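Residue numbers (my numbering), protein chains in the order written: chain X, 1 to 291; chain U, 1001 to 1291.
The block underneath contains the structure these notes are about, expressed in C-alpha cells.
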C-alpha cells in the first residue's frame, strides 16, 4: 500500500491520548482523512472541535475498521491485546495495522497470532513523548528530530514494512530505522527504561525539599523524566523485565566500581572511567549536532 | 567594603579559565577595573585582546595584590591551597578574597588559617559552568538564572559576607544564598557530585555505539554531564569523599529497591516510587518555572 497524501486515504487511530492525538494532528495537516475510536467521550469531542479528526466514536465502529487504509493503535499494551482479542476478527482482508507500543517482544507475536489471515500488523515505536498525557497536550512537533523504529517479524511483508516507514516520514520523524523485536527491547531497556529507573531512584533517594533552592542544571536534567505515568511505565517495565533487569545489573556493577574507586581513593580508576564516559558521550554529541 | 561600579574599584582574578574568564567579562561590562594573574600566557593575551581584563600577568605581580579591592581565586583546589601557602602573606591588611571552589569544608578552614591577620577570605560557590573549559569559552550568560552560594565560617565578618553577596548580584546570578561549609558540601554531594557519578557510570555501563542512532532525549539529558574534566572532578570527589560516598550509598539502596520490585513484579512498590518521584520532581518544576 502506498500512503497518498489526500483525503481519500483514511487513517484510523485507536486511542486518542498524547501520541494518538499527535498522530492525528500530523496526518490531518498532511491532508489525510483521520478517524478515531476512543472510549473517553470528552477526548473525541475535543479532537472533533479542534479539527484534528474527521470522524470519531466511543464505540468500536465497524465501518471505521472497514474504511481505514491504515489503523494505528495508541493504547496501553494490555488494552491493545484485549482490544485485538475482542475485535481483531472485524478487520477486512488487506487491512494494515500498526502501533506505538514501547515494548515489542511480549506484544508483537501475540497480536500477529490473533489476527485473521490477510490482516497485517507491522509494529512501530515512535520515540517521542512528553511528561504530560492526554489529547489536549498532543503536539506533532514532538516528532521533529526524533527516532521512528519499525519492528517487523518474519510474518511481515516488504510492503507492510515500507508502508510503516512511510508513515514515520509523513509524521515528520528525523530518522527511520528497522530493528527486530529482541534488539528493540534490549535497546529500549538501556536507553529509555534504565534512565527512567535512575531518575525515579534519584528523586526517591533524597528528601531535602530545601535543596530545590540550590539545584543546578545537571540535577534538573537528570530528573526531568522522574515525572512518570506509573500505570503505563510499571506495565512497560514488567513486559520487558528480563532485558531491563540485565541493564540495571550492569549499571549497578559499574556504579559500584566507581563508588569503590572513590572510597579507596583509586584516582587512576576514577579518571579512567571519566575519560571513557567523556569519549563516549562526545560521540553522541556529534551525531546529535549533525542531525 | 562596598563594590562601586566604576573603574576605581579593582577586582583581581587569579586563574583565567572558564569561570575566571566569565567573572572578568561580567565585571568589565559593569564598569570595574579587572586585573588577572594566570600562568598561561596565551590566556592572558586572549583576555587583553578581547578587552575583558585591563591588566594581566603570568607572574604573581605584587602591585596587583596591593591595588585590588577584591581578589577572586578561580583555581583547582590544590593549586589554590599552594598559591595561598606561597603568596598569602603578600596581601595587605584589609584585603578581601573570595573563590569559586566546588567543595568547601576541606578548603575554607585551611585557607583562612594561612592568611595574615586582617585579610578576609569569604568563600563562594557559583553554581554555573559549561562542558568545555578555558577562557576562550568563557561567557557571563552562564550566571543568568543560576545559584550563587556564599559559604562563611565564624571567622568571617558581616561586611565580608555582604560584599560577597553583592559580587554574586553584580555577576548576574538569579539567587544568592548562604550555607555553612558542612551544609554546602552535603548539598553538593547529592545535587552535583552524585549526578555526575551516575552519568559517568551510565556511559561506562553500555558499549553499544550503534545505540547512538536510537537515542531519545532522556538518555541525552542524563548523560550530558558525562563529559567531565577528569583532573578537576576526581580532585573534587576526593575532597568531599565522606559526603559523596554517603549519597552514593543512599542512591544505591534506593535503586536496588526498585530493581528488586521489578524482579519480584511488586507493582505496588514500583508505583509508589514512581508517584513519589513524580510528586517531588513537580516541586522542582514549579520553582524552576517561577525563577
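Yeah, the Cβ is synthetic: ideal placement off N, Cα and C, and Gly gets one too.
No experiment lies behind these values; they were computed from the predicted model shown.
Under the three-state reduction of DSSP, residue 1147 of chain U is assigned to strand. In this model, residue 1168 of chain U and residue 1198 of chain U are separated by some 30 Å (Cα to Cα). Here residue 1157 of chain U has 1120 as same chain residues with Cβ atoms under 7 Å from its own Cβ, once five neighbours each way along the sequence are excluded. From the beta-carbon of residue 1020 of chain U, no residue of chain X is found nearer than 7 Å; the closest lies around 19 Å away. The Cβ of residue 171 of chain X sits no closer than 9 Å to any Cβ of chain U. With respect to residue 234 of chain X, residue 1271 of chain U sits close: the two C-beta atoms are nearer than 9 Å. The segment 126-138 of chain X and the segment 264-280 of chain X do not touch, with fewer than 3 CB-CB distances between them shorter than 8 Å. Residue pairing from DSSP places residue 55 of chain X in a beta bridge opposite X:35.
Taking a beta-carbon distance threshold of 9 Å, residue 247 of chain X counts as an interface residue toward chain U.
DSSP places residue 1046 of chain U in the helix class (H, G or I) of the three-state scheme. Scanning its chain for C-beta atoms nearer than 6 Å, with the 5 sequence neighbours on each side dropped, one finds around residue 1147 of chain U the residues 1127 and 1175, in chain order. Segment contact: the segment 173-190 of chain X against the segment 220-228 of chain X, fewer than three CB-CB distances shorter than 8 Å; contact not assigned.
Of the candidates U:1058, U:1229 and U:1194, U:1058 places its Cα closest to the Cα of residue 1044 of chain U. Distance check between residue 114 of chain X and each of X:104, X:98 and X:88 places X:88 closest, using alpha-carbon atoms only. Bridge pairing for residue 1121 of chain U: U:1097 [DSSP]. Annotation: residue 1239 of chain U has no Cβ neighbours in chain X at a cutoff of 8 Å; minimum Cβ distance is about 11 Å.
With a beta-carbon spacing of about 5 Å, residue 53 of chain X and residue 34 of chain X fall inside the 8 Å limit used to define contacts. DSSP, reduced to helix, strand and coil, places residue 12 of chain X within a strand of the structure shown. Counting C-beta atoms within 10 angstroms of its own C-beta, residue 1196 of chain U has 16 or more neighbours from the protein chains shown and is therefore classed as buried. Per DSSP, reduced to three states, the secondary structure at residue 262 of chain X is helical.
In this structure, residue 74 of chain X lies near residue 19 of chain X, with their beta-carbon atoms less than 9 Å apart.
DSSP, reduced to helix, strand and coil, places residue 1215 of chain U outside both helices and strands of the structure shown, so it counts as coil. As DSSP reads the structure, residue 1071 of chain U sits in a beta bridge with U:1012 and U:1097. A straight-line Cα-Cα distance of about 7 Å links residue 117 of chain X and residue 93 of chain X.
Counting only residues of its own chain and dropping the five nearest sequence neighbours on each side, residue 27 of chain X has a CB closer than 6 Å to the CB of 11 and 34. Put simply, the CB of residue 1265 of chain U is near chain X, with a gap under 9 Å to one of its CB atoms. Of the other Cβ atoms in all chains shown, fewer than 16 fall within 10 Å of the Cβ of residue 1002 of chain U; this residue is therefore exposed. With a 10 Å radius around the Cβ and a threshold of 16 neighbouring Cβ atoms, residue 1085 of chain U comes out exposed. Inter-residue distance for residue 248 of chain X and residue 1170 of chain U is about 45 Å (C-alpha atoms, whole angstroms). Per DSSP, reduced to three states, the secondary structure at residue 60 of chain X is coil, with no helix or strand assignment. The beta carbon of residue 127 of chain X falls within 9 Å of a beta carbon belonging to chain U, placing the residue at that interface. DSSP links residue 1175 of chain U through a beta bridge to U:1147.
For residue 1077 of chain U, the enclosing alpha helix (DSSP H) begins and ends at 1077-1087. Taking a Cβ-Cβ threshold of 8 Å, the residues of chain U close to residue 252 of chain X are 1252, 1255, 1256 and 1259, in chain order. A straight-line Cα-Cα distance of about 25 Å links residue 1256 of chain U and residue 131 of chain X.
Residue 1278 of chain U belongs to the set of residues whose beta carbon lies under 9 Å from a beta carbon in chain X.
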